[in-house]
Ligand SMILES: Cc1cc2nc3c(=O)[nH]c(=O)nc-3n(C[C@H](O)[C@H](O)[C@H](O)COP(=O)(O)OP(=O)(O)OC[C@H]3O[C@@H](n4cnc5c(N)ncnc54)[C@H](O)[C@@H]3O)c2cc1C
Ligand code: SF4
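So, in structure tokens, the structure goes:
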């Protein structure tokens, strides 16, 4: 049954899978390819799904394409790390540079709902100063958006996703109460808490996009801990179970297994639609506006793939910045063995957090910040972490025996934008005959200093919490941003504050690619907030006839 | 290698006992069933490669000898047969299948060069020594075709073999992992607390009692 | 969706109907059973204060049952890590039977064993509260919302204290003269009404906390934080104002009693809504909404009705 979803498109004939019922269907509006719809959106993840929903609710005709399958979590998400690889973007990508990235499960999804289908649900706001980090903090680039405006959109997204968070969040300016209460903390989360208290720093239950009480058709989280392999419970408030059903209700059409290969432009230099592969053939969807929301690798890849006579360097690339300034987040950890049983496979992986070093600027010899969180790796992931230390054979087996006693603290750390970190096209082709992405990445000195600071601090915290045999995991990264940054100046950015490309007025980019800087928090809440803002801006522009 | 060195802390515990409880849903039963009933005959590797791969798996992945070994080599073969990639590769490595073909041939070539025998014919200690050299990137025979042996070891050998091994229920039981958990997840999250459907950890003194109790965990 | 909602409503209405029927029957049956089971008693109308005492015994019993079931589930969830966690089970079982026994007993004298059991329950309740406070404070985070939500529930042992209290009142009352019985230095009816009021407010505190934890995700979750406080206020009024017939208060107490049983229906429905529903009972009973909790309101409201009746005979 699950093979089916990746072989044949499900959303067609006026219906789409109902994610809340086994074998269920809901009705879906459909548009013929030759009808010029208002928006065709490539990608239905955090950015694309949110925008599709909000635009459809405003009455626009929306068609969204996703290269991935449309799953029904209740019957198709196995409690199995290996099987659930089906949620990841496993088409080939080539990684090089000083620190070649590991992709796949680690950072990008391919499914209706995008990476949010298997994300870890950590839902954090940026620190306000980060929106002006060049002017206020002296590094990176300023965002063209004011934090107070973002604060309103964060409110909206937190409501829409029924975020379960603490009554008072220890960092940053006041925010509305989270719609749902924070979850019970597991033993791993309490290790972080003990460590933070010993270090005299604040800690908190992590605001998470999984419900702690029923919401609509979502039952509360059952603490099964398979979140990054997909939530079979539907407690997780991924785009698949939040924005997508809303978008369908509002009349959007969403096409699964639809891989966009090219955006066409006309002689006037305007986008006219998207060429995509579905059901064995290349097709063309006409549209008045094209939105790219394929995440920080596929977005620049599609823009580069769409190069033509008029735009020989790829679309929206007069600044030369498409694909550049790729930012991951550093994801280093310290791990230790506790006397007590921790069994961190129970519950969402990151139930507690410290954002201390996002908000504290004193005592740093680097720019930027980091958050660190408790961890809950499953066996395959944990073995691979141990492999990263070079362990194998009997040594590894002995280490693995400590699985239920280990606890770890892991950062989500800011890295600086650097033009040399970039996405380009390789010679190798994928199954659609399209050149694959080449991803070049290396940490800069500032990134390395931040990592060193974090590892040093967390090591002390873990030790204070009772950790023994502590060791450092130095090799991991997560999240992808940049590659089509927003800004005030067409020479130094790809899109403006409204996510509208400078070069082609009816081409928009609305996903993690538009971040000028990445901050020390997981990005999805910000991506969704920006998408909500973009939808409002589009409405305003449309009303003024400026679309 | 000394496979007796590891004894499980969870004697008697078998996640498969939970197969018919609310901890397992139909899709999980199905995918695990498929894994367990997988063919142990190669479909991708030729005989020489299969021999080398099997020897490499035995050398690298140490398994307890009181149960049927997890067929790591067969799981690897199945993956290569389906050409199931990870979604990325280090630019210095060729694609998945090619990397394995080169790597296994190179291992045999290195072994031939040093000892006049293919890898599988070497004594365990010599195999281990060769693998350790691979891990350090010291193997550089022409048969590697420029592929760095350390990278092949970390990104392919360890990643693929352990990815297979820890996807097997026997490995879950061995480390006391709760295993599949849908619709039933967990209730008791605090330290030193376990649900009745979780493995009990044994100490040297109580191993026999725990073993008996663990066989009833479900 | 709509259809689903309609079927939900139907279920709830049905459950509500059953609950109300159960209230009526439940309130009647023991009384009738008591008549026939007490042949030694003269058939003359028992004095009002004894009737009230028996009703208090019944309420105490119902409360004890609720505590028994609730602490069994909660302490099972806590894996009975501490042997003291068996105490409430023992105490609540004893109180349950003592209450039933008292409910049948029409004698105008307290029963030393029953009285002892109720005192034990009250003490266990106080000790339990102490234990639970300790449990909250020793957790990392101390007095934090998260610990109030998920550590040992502070309000739960108070239900045992209440059960013991109601039972003890029932016993004490029997030792009073039929004419103008007094408790705690005031007319018995007043004292009992105040006790019920305090019990209701305490229980509301606990429910409020837990329903807040559940983000009041269902509108019905507001009912137990609105209806019982009104009942508590009416009880205070009953206690402090001059005695007179109060049909409104009686009606409101009946509503509160029904609410407790209706709550069980809602909580059963809540468990069904959890992942795996009732089939996944080993998780959803301990983790879902507590089935045995809401009848505390029924017990207290029934005690309130008894207090009301007694109070009306006072000057
Ligand atoms: C394991 C993991 C854990 C994470 N945990 C967190 C977390 O806890 N908190 C957090 O905030 N973030 C987390 N993230 C990151 C978060 O999921 C992403 O940042 C976010 O989903 C990115 O949103 P997006 O819209 O840019 O892209 P995505 O959500 O990745 O969506 C892009 C979609 O576009 C589709 N697509 C791409 N190219 C094409 C094409 N050419 N044609 C058709 N479709 C295409 C893809 O199939 C995909 O579905 C996590 C990510 C992973 C992988
Ligand atoms: S722990 Fe919660 S969010 Fe994660 S997979 Fe389980 S039910 Fe879903």
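Chains as they are written, first to last, in the working numbering: chain L, 8 to 554; chain B, 507 to 724; chain U, 279 to 593. Virtual Cβ for every residue (Gly too), placed ideally from N, Cα, C.
Contact test: residue i Cβ vs ligand 2 heavy atom, cutoff 7 Å
i: residue 213 (chain L); result: no
i: residue 229 (chain L); result: yes
i: residue 550 (chain U); result: no
i: residue 691 (chain B); result: yes
i: residue 217 (chain L); result: yes
i: residue 117 (chain L); result: no
Chain U within 8 Å of residue i, Cβ atoms only
i: residue 488 (chain B); result: In the structure as shown, chain B starts at 507 and stops at 724, and residue 488 (chain B) therefore has no counterpart that could be examined.
i: residue 213 (chain L); result: no
i: residue 222 (chain L); result: yes
i: residue 716 (chain B); result: no
i: residue 585 (chain B); result: no
Cβ neighbour criterion (16 or more within 10 Å) applied to residue i
i: residue 189 (chain L); result: buried
i: residue 455 (chain U); result: exposed
i: residue 464 (chain U); result: exposed
i: residue 134 (chain L); result: buried
i: residue 392 (chain U); result: buried
i: residue 307 (chain U); result: Any reading at residue 307 (chain U) is ruled out, since the residue's pLDDT is 38, under 50, leaving its predicted position unreliable.
i: residue 289 (chain L); result: exposed
i: residue 623 (chain B); result: exposed
i: residue 709 (chain B); result: exposed
i: residue 642 (chain B); result: exposed
i: residue 260 (chain L); result: buried
i: residue 553 (chain B); result: exposed
i: residue 520 (chain B); result: buried
i: residue 548 (chain B); result: buried
i: residue 362 (chain L); result: buried
i: residue 556 (chain U); result: exposed
i: residue 15 (chain L); result: exposed
Proximity test, residue i beta-carbon vs ligand 1 heavy atom, cut-off 7 Å
i: residue 261 (chain L); result: no
i: residue 109 (chain L); result: no
i: residue 417 (chain L); result: no
i: residue 128 (chain L); result: yes
i: residue 359 (chain L); result: no
i: residue 96 (chain L); result: yes
For residue i, three-class secondary structure by DSSP
i: residue 485 (chain U); result: helix
i: residue 725 (chain B); result: Nothing can be reported for residue 725 (chain B), as the shown portion of chain B is limited to 507 through 724.
i: residue 313 (chain U); result: Because the pLDDT at residue 313 (chain U) is just 36, under 50, the model does not fix this residue reliably, and the point stays unresolved.
i: residue 238 (chain L); result: coil
i: residue 324 (chain L); result: coil
i: residue 249 (chain L); result: coil
i: residue 499 (chain U); result: helix
i: residue 458 (chain U); result: coil
i: residue 558 (chain L); result: Because chain L is modelled from 8 through 554, residue 558 (chain L) falls outside the range shown and cannot be assessed.
i: residue 475 (chain L); result: strand
i: residue 516 (chain L); result: strand
Test: residue i CB closer than 8 Å to a CB of chain B
i: residue 564 (chain U); result: yes
i: residue 335 (chain L); result: no
i: residue 355 (chain U); result: yes
i: residue 643 (chain U); result: With chain U covering only 279 through 593, there is no way to say anything about residue 643 (chain U).
i: residue 547 (chain U); result: no
DSSP beta-bridge partners of residue i
i: residue 217 (chain L); result: L:243
i: residue 71 (chain L); result: L:48 and L:261
i: residue 444 (chain L); result: L:432
i: residue 596 (chain B); result: L:102
i: residue 284 (chain L); result: L:266 and L:289
Contact test: residue i Cβ vs ligand 3 heavy atom, cutoff 7 Å
i: residue 470 (chain U); result: Because ligand 3 does not appear in the structure shown, any question about it cannot be addressed here, the ligands present being ligand 1 and ligand 2.
8 Å Cβ cutoff, residue i in contact with chain L
i: residue 588 (chain B); result: no
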